[in-house]
Amino acid sequence: MSEVPQRAVVNDPIRFGVLGCADIARRRTLPAILREPTTELVAVAAREQAKARAFAGQFGCAAAADYRSLLSRPDVDAVYIPLPAGLHHEWVGRALEAGKHVLVEKPLTTRYAHTVAMVESARSLGLALMENLTFLRHGLHSAVLDLLEGGEIGELREVNAAFGFPPLGPDDIRYRPDLGGGALLDTGMYPLSAARLFLGPELEVVGATLKLDPDRGVDVSGSALLSTPDGRTAQLTFGFEHAYRSDYVLWGSEGRIVVERAYTPPATRRPVIRLEHEEVRRELTLPPEDQFANTLRAFVGAVAVVGQRAAETVEICARARLIDEIRVKAGQPRVRLPHEV
Numbered sequence: 001m002s003e004v005p006q007r008a009v010v011n012d013p014i015r016f017g018v019l020g021c022a023d024i025a026r027r028r029t030l031p032a033i034l035r036e037p038t039t040e041l042v043a044v045a046a047r048e049q050a051k052a053r054a055f056a057g058q059f060g061c062a063a064a065a066d067y068r069s070l071l072s073r074p075d076v077d078a079v080y081i082p083l084p085a086g087l088h089h090e091w092v093g094r095a096l097e098a099g100k101h102v103l104v105e106k107p108l109t110t111r112y113a114h115t116v117a118m119v120e121s122a123r124s125l126g127l128a129l130m131e132n133l134t135f136l137r138h139g140l141h142s143a144v145l146d147l148l149e150g151g152e153i154g155e156l157r158e159v160n161a162a163f164g165f166p167p168l169g170p171d172d173i174r175y176r177p178d179l180g181g182g183a184l185l186d187t188g189m190y191p192l193s194a195a196r197l198f199l200g201p202e203l204e205v206v207g208a209t210l211k212l213d214p215d216r217g218v219d220v221s222g223s224a225l226l227s228t229p230d231g232r233t234a235q236l237t238f239g240f241e242h243a244y245r246s247d248y249v250l251w252g253s254e255g256r257i258v259v260e261r262a263y264t265p266p267a268t269r270r271p272v273i274r275l276e277h278e279e280v281r282r283e284l285t286l287p288p289e290d291q292f293a294n295t296l297r298a299f300v301g302a303v304a305v306v307g308q309r310a311a312e313t314v315e316i317c318a319r320a321r322l323i324d325e326i327r328v329k330a331g332q333p334r335v336r337l338p339h340e341v
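The sequence shown begins at 1 in full-length UniProt numbering and counts up by one.
The following block contains the structure:
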């Protein structure tokens, strides 16, 4: 196991290496790393050297020979991992063993037990470990929480949250069970996280359904009903076979809060909160924010305190537990991945 990389000066930028050349890395995360003064892009690695070189040329960094050689670089403090979900457990573990802080695309792993193990490993090594679930870092949702706490819609009774989009290309990795594909792990994370944000940590899964594509062997849509001990509920819908939808509705005793484009807004979008009280409707428009940049700043903060904030790790594990529970309630066995024992 390698020692944690030491930066020469505390205020030096966090030096990132990237494992994988996914589209989300190209479109959102790597541009944010380049823009942020507290982060620096050092190198990228891919399964195909030509792809790594192309990415490196686009973003002005080095191309590592492979994943292992990138992890061995002494000039890399942290690793961003946008690999398919089924590869996260292996490469998050390898990155932590190499002494690197880790920012990984959601989900952290495809299994609750593996997620807990990775969180514990990061804690014991004094390393930061964070899911790149960026929407939670957008100030829009803090503004909604402030409205709730201020009694804008009375007592919150129900959260209805949905995230779905049309079918993917036939070769998309999210259709591959061996790579941890499926709608629950990809799109289900968003409405689930919104439900926990607004209803708190005591949510339990009451029922769930997952629609399996028999030809591909992955779930392509699903829904779940969750409840708190005092009877407040969350209804979640997600999938790959819908017209685009990305929203949540908070239904209270005195009104509703409606947020559209809730999970993946462009950095230039001015988010709108719609407030509904009987026949009266009004809108609050907020300034635009780059939630990817916000997440990078939070990650840099976690690195600066040498390790993982307790609240962050609790939330990561709680999401993983609920994902497992949804699968169990839906009666769908989890696909065993090639590297698992």
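Just so you know, even glycine gets a beta-carbon here, dropped at the ideal spot from N, CA and C.
Residue i classed as buried or exposed, judged by whether at least 16 other C-beta atoms fall within 10 angstroms
i, result
"Arg7", "The predicted model places Arg7 with a pLDDT of 48, which falls under 50 and marks its position as unreliable; any figure quoted below should be read in that light. Label assigned to Arg7: exposed."
"residue 356", "One cannot answer for residue 356 here, as it falls past the ends of the chain, which runs 1 to 341."
"Asp219", "buried"
"Asn11", "exposed"
"Ala161", "buried"
"Leu322", "buried"
"Pro201", "exposed"
"Val9", "Confidence is the limiting factor: at Val9 the pLDDT is only 45, short of 50, which leaves the residue's position unreliable and the question unanswerable from this model."
"Asp230", "exposed"
"Thr268", "exposed"
"Gly20", "buried"
"Glu105", "buried"
"Ala50", "exposed"
"Ser142", "exposed"
N- and C-terminal bounds of the beta strand (DSSP E) containing residue i
i, result
"His101", "His101 to Val104"
"Leu275", "Val272 to His277"
Spatial neighbours of residue i in its chain, beta-carbon cut-off 7 Å, leaving aside the 5 residues before and after
i, result
"Arg157", "Arg232, Trp251, Gly252 and Ser253"
"Val341", "Unreliable positioning characterises Val341 in this predicted model, as indicated by a pLDDT of 47, which lies under 50. The coordinate reading is nonetheless provided below. Excluding residues within five positions, none has a Cβ falling inside 7 Å."
Same chain, Cβ closer than 6 Å to residue i, five either side skipped, listed in chain order
i, result
"Ala208", "Ala224, Ile326, Lys329 and Ala330"
"Leu179", "Pro84, Gly86 and Ile173"
"Met1", "Annotation note: pLDDT 49 at Met1 (below 50); position unreliable, coordinate value reported separately. Excluding positions up to five away in sequence, the list reads Glu97."
Contact check, residue i vs residue j, beta carbons under 9 Å
i, j, result
"Phe59", "Leu34", "yes"
"Tyr190", "Leu133", "yes"
"Ser221", "Leu210", "yes"
"His138", "Gln332", "no"
"Phe55", "Arg26", "yes"
"Thr187", "Ile316", "no"
"Ala64", "Gly17", "yes"
"Ser193", "Arg281", "no"
Opening and closing residue of the alpha helix (DSSP H) in which residue i lies
i, result
"Asn294", "Gln291 to Ala304"
"Arg53", "Gln49 to Phe59"
"Ile173", "It is not in any alpha helix (DSSP H) - Ile173 carries neither H nor E in the DSSP assignment."
"Phe238", "Element bounds for Phe238: not the alpha helix (DSSP H) but the beta strand (DSSP E), Thr233 to Gly239."
"Thr109", "From DSSP, Thr109 is part of no alpha helix (DSSP H); its letter is neither H nor E."
Residues of its chain near residue i, where Cβ-Cβ distance is below 8 Å and the 5 sequence neighbours each way are ignored
i, result
"Tyr244", "Gly164, Phe165 and Pro166"
"Val303", "Ile14, Asp77, Ala78, His101 and Ala128"
"Ala298", "Met130 and Arg137"
"Ser69", "Ala45"
"Ala293", "Ala32, Arg35, Glu36 and Ala267"
"Val144", "Phe198, Leu250, Ile257, Val259 and Ile273"
"Ser227", "Leu203, Glu204, Val206, Thr233 and Ala234"
Practice problem: Inspect the CB distances between the stretch 259-269 and the stretch 105-114 and report whether three or more fall short of 8 Å. | Solution: no
- Task: Count the CB pairs spanning the stretch 38-53 and the stretch 276-292 that are closer than 8 Å, and state whether there are at least three.
- Result: Segments in contact, no.
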